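Undergrad: Pasting in a structure now, in structure tokens, and then I'll have a few things to ask.
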Amino acid sequence: MSISAFDALIAGDQKIEYKDWMPDGYRESLIRQIAQHAHSEIMGMQPEAAWISRAPSLARKAVLIAKVQDEAGHGLYLYAVAETLGARREELLDALHEGRQKYLSFINYPTLTWADVGALAWLTDGAAVVNQVSLCRTSYGPYARALVRICREESFHHRQGFDLLYTLSRGTPAQRRSLQEAVERWWQPSLAMFGPPDSLSTHSASSMTWRIKRASNDELRQRFVDLCVPQAEALGVRLPDPALRWNPERGHHDFTPPDYDELMRVVAGHGPRNKQRLAHRRRAHEEGAWVREAAAAHAAKEAAKQAAAREIDAQEAIAQEVDAVEEEWPLWEVFVRPRRGFGHTHAGSLRAPDAALALHSARDLYTRREEGVSLWVVPSRSMTSSDPEHKDAYFAPAADKQYRHASSFPPPEGVEGL
Amino acid sequence: MTALFDYLLGLGDDALVAAQRTAEWCARAPQLEEEVALANVALDQLGQARAFLTYAGDLEGAGRDEDALAFLRDEHEFRNVQLVELPNGDFATTVAKTLLLATYQNLLYTRLSRAAEPRLAGIAAKAAKESAFHVSYASVWTVRLGDGTPLSHRRMRDAVEEVWPYTHELFEPWAAPEAGLDPAALRGPWLEVVDRVLGEATLARPRDGWAATGGREGRHTEWFGPLLAEMQYVHRAHVGARW
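This is the structure we're talking about:
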């Protein structure tokens, strides 16, 4: 595919797909955005996970575990999308751990009370929904498909947060006070989630041209504020902005934009919890290394045993074993049968040391909302796909053979049963 | 109170405390796939706890719901075995705890699904399917850690050794007449499963020695008080509040 063919696809609102030719800048922008999105999902687990052990009812505890679990799941969907662009998860995690890639700044603020758990979900997941609904129309197919799934799940996150706060709003004076204080803490960080104003945003213009992003930071921020105002009224909370009022001429609410100096400071690593969040993430990763290595080592031993059983040349078997031990967990493609009577459809990918764990993870990751009744997992390296470069040679010749279709032979009037 | 009430508390408390511990892994698992897997185990356990505790509260008829039973009982009123209170330790310890508990739960739930009491049978039938997956998950990991690297082998071996003394309590005499079941009868089939998994993991079954006991009567480990303090304090700090 040439640059002009690529541009034509973008202009025609067509999707760019896995293995299609794309300009380097497009690939880099996508990887940067998807990595930041994935990192935000997994870093965003921390401020909420901290409250699972203290959740004040068993029902809320279950909801919170499910929500934090979804965030790990979203991270996985997104890292899998990045893999289709040639960015391995391990590399992206290294970039996160070394501070070379960023995640959303709101994660660096503390969740001080139970009400913060609700306010964080209502406001930051609300902002995420506004952002991501717009992103579902992104030009990169695998990203768009992952976002459709993520948006569906995020709306559960958003609603349960509002529901949590609504219960507090009808509760004791202490509960209502904690609600007001938490909303005051999370309002600014949630506005800042839409990034710098359009006039200052460094990556926005090219991302818009390539239709990776579909609406500007300021448009989305305005949409978010307009949505929040009536919801805040229903909760009986004051949004902490004296300038916030309806502007009939614009047909929107006027509001004070977030403090961009603070945003830049927090993005640069100087927020209240940056250091601890990153250290926590790094520690979990480092402490898990022996587990990941053990699973890879076991898989290598099993592979060697199978090779021996097939009497493969001993030298080759050793080479395979070395490969398997040194390689990170390989990538698997997951196919789900949604219901009996339907075929298996590609759902996404994941990393696993062997088939048994791949099946377990696929079950947890791609069928936890009753999406399936049967699963296939296939090592990605065993898949063979047609080459997008040969698309015309493969598929165009079918177009001028209309005689294959019954509709080319209309029966004479009055003749039935054909 | 009836023996069945006490029995339901035991089933519910085992599941609740196990869920509380499993969920401590959230945002610190060794791999993202394991984040999702461990959260699933925790959610299943929590769901079982809620079903058993709600049933217990209904049976008691004193207006106590699942939250009153989870958040407003003191340490000595909990009927769980000590096994579920043990700290998570490293991933191997959690895998060992999960394997040994879920194998027992699966055998127990499968038998209880045939109990004469229909509500008990219903909850058990659903829980049996969940615990079957937990057994599978924990077995897969026991084998991979046991057979993996020298380091993981040592950690898996130490984990099973450490947890083993707490498994005897699972098979002590304790049952409601309605349940129609002697826990001691489960140990044979339990050992069969555990031996097979340990064998595949190149691990030996630890020798039986000192055995923890007392959980079913409300005597717990030093680790249990802090666990409850953390779990209960928000609920208790706001008397009568709704969440």
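Chains as they are written, first to last, in this note's numbering: chain P, 20 to 437; chain H, 6 to 248.
Don't be surprised by glycine CBs; every beta carbon is placed ideally from N, CA and C.
Only a predicted model underlies this, so the values are computations on that prediction, with no experimental measurement involved.
1) Roughly how many whole angstroms lie between the Cα atoms of P/Ile53 and H/His240?
2) Does H/Val198 come within less than 9 Å of chain P when only Cβ atoms are used?
3) Is the distance from the Cβ of H/Val100 to the Cβ of H/Thr172 below 9 Å?
4) Shorter than 9 Å from the beta carbon of H/Gly138 to some beta carbon of chain P?
5) Extract the residue ranges of the alpha helix (DSSP H) inside the stretch 36-98 of chain P, only unbroken runs of 4 or more that lie entirely within it.
6) From the DSSP output, read off the bridge partner residues of P/Tyr159.
7) By the 10 Å Cβ neighbour count, where 16 or more other Cβ atoms means buried, how is P/His409 classified, buried or exposed?
8) Mind checking P/Val202: buried by the 16 CB within 10 Å criterion, or exposed?
9) Let me make sure I understand the geometry here. Which of P/Gly31, P/Leu210, P/Gly288 has the alpha-carbon closest to that of P/Phe274?
10) Could you spell out where the alpha helix (DSSP H) holding H/Trp146 opens and where it closes?
11) What are the start and end residues of each continuous beta strand (DSSP E) run of 3 or more residues lying completely inside the stretch 128-192 of chain P, in chain order?
12) So, is P/Trp206 buried or exposed, given that buried needs 16 or more other C-beta atoms within 10 angstroms?
13) For chain P, check one thing: does any of its Cβ atoms lie closer than 9 Å to the Cβ of H/Gln53?
14) Measure how close the beta-carbons of P/Lys34 and P/Ser158 come, nearest whole angstrom, since I'm counting them as under 8 Å.
15) Check whether the Cβ atoms of H/Thr207 and H/Gly245 sit closer than 9 Å, and answer yes or no.
16) In or out: H/Gln50 buried (at least 16 other Cβ within 10 Å) or exposed?
17) Check whether chain H comes within 9 Å of P/Arg382, counting only Cβ atoms and requiring the distance to be less than that.
18) Along chain P, in chain order, which residues have C-beta atoms closer than 8 Å to that of H/Ser157?
19) If you count every other CB in all the chains shown that lies within 10 Å of the CB of P/Glu345, and 16 or more means buried, which is it?
20) Tell me which residues of the stretch 62-89 of chain P have at least one Cβ-Cβ distance to chain H shorter than 7 Å, keeping chain order.
21) Please report the distance separating the alpha-carbon of H/Gln25 from that of H/Ala47.
22) Taking 6 Å as the limit between beta carbons, can you name the residues of its chain near P/Ser197, skipping five residues before and five after?
23) Is there a Cβ of chain P sitting closer than 9 Å to that of H/His225, yes or no?
24) Just to confirm, is the Cβ distance from P/Ala313 to H/Thr154 under 9 Å?
25) Check distances from the C-beta atoms of the stretch 27-54 of chain P to those of chain H and list, in chain order, the residues that come in under 7 Å.
26) If we define contact as Cβ-Cβ less than 9 Å, is P/Thr221 a contact residue for chain H?
27) Leaving out five residues before and five after H/Gly223 in sequence, what residues of the same chain have Cβ atoms less than 8 Å from its Cβ?
28) Examine chain H for any beta-carbon lying closer than 9 Å to the beta-carbon of P/Glu390, and answer yes or no.
29) Could you please give the first and the last residue of the uninterrupted beta strand (DSSP E) stretch that includes P/Asp265?
TA: Answer, in terms of the structure:
1) A straight-line Cα-Cα distance of about 39 Å links P/Ile53 and H/His240.
2) Closer than 9 Å: no.
3) Not closer than 9 Å, so no.
4) Checking the sequence, you will find Phe at residue 138 of chain H rather than Gly. Closer than 9 Å: yes.
5) Counting only runs of 4 or more, we get 43-62, 64-68.
6) Its beta-bridge partners are P/Ile35.
7) When all chains shown are included, P/His409 counts as exposed.
8) By the neighbour-count definition (other C-beta atoms within 10 Å, threshold 16), P/Val202 is a buried residue.
9) Among P/Gly31, P/Leu210, P/Gly288, the Cα nearest to that of P/Phe274 belongs to P/Leu210.
10) Where H/Trp146 is concerned, the enclosing alpha helix (DSSP H) starts and stops at 123-152.
11) You should have found no qualifying run.
12) So P/Trp206 ends up on the buried side.
13) So, not an interface residue.
14) Right, the Cβ-Cβ distance comes to about 6 Å (below 8 Å), so this counts as a contact.
15) A distance of 9 Å or more separates the beta carbons of H/Thr207 and H/Gly245.
16) With a 10 Å radius around the Cβ and a threshold of 16 neighbouring Cβ atoms, H/Gln50 comes out buried.
17) Yes, because at least one Cβ of chain H sits closer than 9 Å to the Cβ of P/Arg382.
18) Going along chain P in sequence order, the residues near H/Ser157 (Cβ under 8 Å) are Trp309, Val310, Glu312, Ala313, Ala316.
19) Note that P/Glu345 scores a pLDDT of 49, beneath 50, so its modelled location is shaky and nothing firm can be said.
20) Those residues of the stretch 62-89 of chain P that come within reach of chain H (Cβ to Cβ, closer than 7 Å) are Met64, Gln65, Ala68, Ile71, Ser72, Arg73, Pro75, Ser76, Leu77, Arg79, Lys80, Ala81, Ile84, Ala85, Val87, Gln88.
21) Annotation: H/Gln25 to H/Ala47 spans about 7 Å, alpha carbon to alpha carbon.
22) Within the same chain, and ignoring the five residues on either side of P/Ser197 in sequence, the residues whose Cβ sits closer than 6 Å to its Cβ are Thr132, Ala134.
23) No, because no Cβ of chain P sits closer than 9 Å to the Cβ of H/His225.
24) Taking 9 Å as the Cβ cut-off, P/Ala313 and H/Thr154 qualify as a contacting pair.
25) Here the close residues number zero.
26) No, because no Cβ of chain H sits closer than 9 Å to the Cβ of P/Thr221.
27) So the qualifying residues of the chain are Glu80, His81, Glu82, Phe83, Arg84.
28) Not a single CB atom of chain H sits nearer than 9 Å to the CB of P/Glu390.
29) Residue 265 of chain P is actually Trp in this sequence, not Asp. Boundaries of the beta strand (DSSP E) harbouring P/Trp265: 264-266, taken from the DSSP string.
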